[in-house]
Structure formats: C-alpha cells, structure tokens
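Note that the working numbering has the sequence shown beginning at 1112, numbered continuously upward.
So the structure is just underneath, and the comments pick up after that.
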Amino acid sequence: MKTVWLVIPCYNEEEVIAETAKRTSELMYGLIKKNKISESSRIAFVNDGSTDRTLELIQRFCGEDKIFACINLSRNRGHQNALLAGLMTAKEYADAVISLDADLQDDIGVIEKFIDEFSGGSDIVYGVRADRKTDSRIKRATAEGFYKFMRLMGVDIVFNHADYRLMSKRAIEGLAQFDEVNTFLRGIVPQIGYPSSIVEYSREKRFAGKSKYPFKKMCSFAMEGITSFSVRPIKMALALGMLSFLVSIFMLLYCIVEHSLGNTVSGWASLGVSIWAIGGLQLLMIGVVGEYVGKIYLETKHRPKYIIESVILDGEKHDGRKEA
Ligand code: UDP
Ligand code: MG
C-alpha cells in the first residue's frame, strides 16, 4: 500500500487551520480504512513564517495526533518556496505527495481520484478547475487572462491548474534537479515529464481569512512565470526594431520625394511624435532586457530557496538541517 502525504503551506492561517486539520484528517483516516493509503501517510503543514498563532496551532495538532507533521521554515519565503520545502521533505517518506492550500478552496473530495490515478500509473495528477463560479468576476477574468497570456508568451502550462496536484516520489526527485531560484512550479512541473493525467474539481470560496494574493502580487507572479520560462519578450524587441526601421525607410523615401517636388515636409508634430514613440519603445525594451538580466543576477547567486528551522514528525521535534 502506498504512503501518501498531503503538503499544506500556511501563512497566517489561524482562522482556517483548525477546520483544515479536522477535514483533512477525517479524509485521510477514511482512506486508510478503505485500504487506499498506508497508515504511515501524513498531513504536513508548512509554516511559512506566520506572524500569528498558526505555528502554535500546528504544533498542538502534531502533539494530539501522529497523522500531522510540521515543517517550520526560518522565515516567510512565499507560497511557492514553502510548497517546495514541503515537497522536498515529504519525498523522503512518501510514495506520492499531494499539495493543497490551507483554505481548502480546492475540493478535497477529489483526493481519492488523485490516488486512483496514481495507482493507475500516473506520476503527476493535475487538479484542474472545472469552473470558476465561486470566483468574483474580476478574479476570474484576470486568472483566465493570465493562463491565456502565458500561453501566448510561449509558456507551457496546464490551463486552469494551480498548485493542487499529486506528484510521485520520482517526479519530485525530477523536480529537485531543477535548481533555479525563481520557483514557478506550474511552469516547471510539466517539464518533468512522466505519465500524467488530469482530474477536474470545482473551486470553493475561502471559508475564512483573507487571500494572500492581492492583485499586485498576482501581476508579479505572472511576470515571474513569463520571464522564467520564455524569451519571447526579448525576441519581440527584434521584431519591433525591424518594424520601426521599416517605418523610418518609408519616412525617408517620403521626405526625399517631397523634397524633389519642391515641398518641405511640414510640421514639428510628426517629429515630436516619433521622438516619443521611439524613445518609449527603447526604454520599454531596455526594461524587458533588464528583467532578464535581473533574473540572471539572482540565479547566479544560488541562494537557498528556504531554510527549514525544525520538523515535527510522529510527535517528535527534529532539527531542520537533517531534513528530519
Ligand atoms: N501562502 C504561503 N506563504 C505566503 C502566502 C501564502 O504559504 O507568503 C499560502 C497560504 O497560506 C495558502 C496558499 O499559500 O495556503 C494560497 O494562498 P491564498 O489562499 O491566500 O491564495 P489565493 O487562493 O487567494 O490565490
Ligand atoms: Mg486561497
């Protein structure tokens, strides 16, 4: 029988975490009873440097029930890094790991389907949103626009799939070989390969607490995704350059013709417009190139993506360095 770990990144989730622990443990015990997963399966909360009572609550759950584990990061590193820390720790013990959010927006009812797909031979099972009825209109439009834009920019991602997925041990070992510091998991995971499948689910509203992904953060997340997986924006500079060069040739021909006809090309307005247009374009493209240069700078430093302070497993606390 397979050992399955749930990995749940948590940042200031004191309002939801008790309910999450209750619902996920009921589910896991149900699956253990049905002989779908082994008794050594665990629910691991990754505390991503919460400033509220989240850690205290997780520690209490770990003390009460051995099914819970705690991976405590040394500080807040963001959702993606917290998730990564969880996956890398869990892969040492589990045959498969399922990642989900603490707010249970992703229907945990389909976890059994994930496990069935895994037993059927899939190394990666993507949870894909069947609809977005519960999202606000703005959230839906921006989120769907996000996936379309990413595709347009040449990033290979699974449409409407966020970070709700199952990964086998060998898939996570594959993931571990990608040692870039700009973690954009939904871009990296499809590149790992191995057999994969899709399970549809409906996304609920957050049952308590606030979203930690306001609009601004979402934009920078999208930017991360594009610049980490595609060089199309830089290539666009070439196309734009050629286009404006063509325009300038036409302008030149036009001026020569007008001059030979005895006319002076009139107006400073056209000149003013071109200065702004070309200047703007150049600055824009320097900015785009700058984004990539900045990325290279960050990558060359090879800074750690996260530091684990401590791990609680089977009710016992371990030092972070040993990865439990
Ligand atoms: N999260 C985290 N670190 C952060 C921000 C968020 O671990 O710095 C976790 C958060 O606790 C939640 C998940 O990432 O479990 C998704 O966050 P949220 O629900 O706020 O995002 P949304 O669903 O609104 O996109
Ligand atoms: Mg959420």
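Just so it is clear, CB atoms sit at the ideal spot from N, CA and C, and this is done for glycine as well.
Spanning the alpha carbons of Gln1393 and Ser1355 requires a straight line of approximately 11 angstroms. Within the DSSP bridge table, the entry for Glu1427 names Leu1424 as partners. The beta-carbon distance between Cys1181 and Gln1191, rounded to whole angstroms, is 19 angstroms. This is too long to meet the 8 angstroms contact definition. Taken in chain order, the complete beta strand (DSSP E) segments of 3 residues or longer contained in the segment 1115-1176 are 1115-1121, 1153-1158. Shortest Cα-Cα distance from Tyr1122 to any of Asp1425, Ser1322, Val1342 involves Ser1322. The Cβ atoms of Met1261 and Ile1337 lie closer than 8 angstroms to each other. Non-local beta-carbon contacts of Thr1375 in its own chain, meaning distances under 8 angstroms to residues more than five positions away in sequence, involve Glu1369 in chain order. Within the segment 1226-1307, the runs of beta strand (DSSP E) at least 3 residues long that lie entirely inside it are, in chain order, 1235-1240, 1272-1279.
With respect to Leu1195, Thr1294 sits close: the two C-beta atoms are nearer than 8 angstroms. Comparing alpha carbon positions, the residue from Lys1144, Pro1120, Ala1282, Ser1161 closest to Asp1206 is Ala1282. With a 10 Å radius around the Cβ and a threshold of 16 neighbouring Cβ atoms, Trp1387 comes out exposed.
Counting only residues whose CB is nearer than 6 angstroms to a non-hydrogen atom of the ligand MG, the list in chain order is Asp1212, Asp1214, Gln1216, Arg1317, Ser1322. A direct Cα-to-Cα measurement between Asp1425 and Glu1175 gives close to 10 angstroms.
Beta-bridge annotation (DSSP): Ile1182 is paired with Val1157, Val1422.
For the set Ala1252, Pro1344, Tyr1417, the Cα lying nearest the Cα of Gly1160 is the one of Tyr1417. Under the 8 angstroms Cβ criterion, the segment 1334-1350 does not count as touching the segment 1303-1311, having fewer than three qualifying pairs.
Straight-line measurement puts the Cα of Thr1135 at about 8 angstroms from the Cα of Ile1219. Around the beta carbon of Arg1186, fewer than 16 other beta carbons lie within 10 angstroms, which makes this residue exposed. Beta-bridge pairing by DSSP links Ala1207 to Val1115, Ser1279. When beta bridges are read from the DSSP output, Tyr1312 appears opposite Arg1240. Under the criterion of beta carbons closer than 8 angstroms, Thr1131 and Ala1213 qualify as touching, at roughly 5 angstroms.
Phe1225 is positioned such that its CB atom lies no closer than 8 angstroms to that of Ser1279. Between Leu1215 and Leu1117 the beta-carbon gap is near 11 angstroms, outside 8 angstroms, which marks them as no contact. Around the beta carbon of Ile1128, 16 or more other beta carbons sit within 10 angstroms, so the residue counts as buried. Within a 10 Å sphere around the beta-carbon of Arg1414 sit fewer than 16 other beta-carbons, which makes this residue exposed. With respect to the C-alpha of Glu1311, the residue from Ala1350, Phe1257, Lys1346, Ile1222 having the closest C-alpha is Ile1222.
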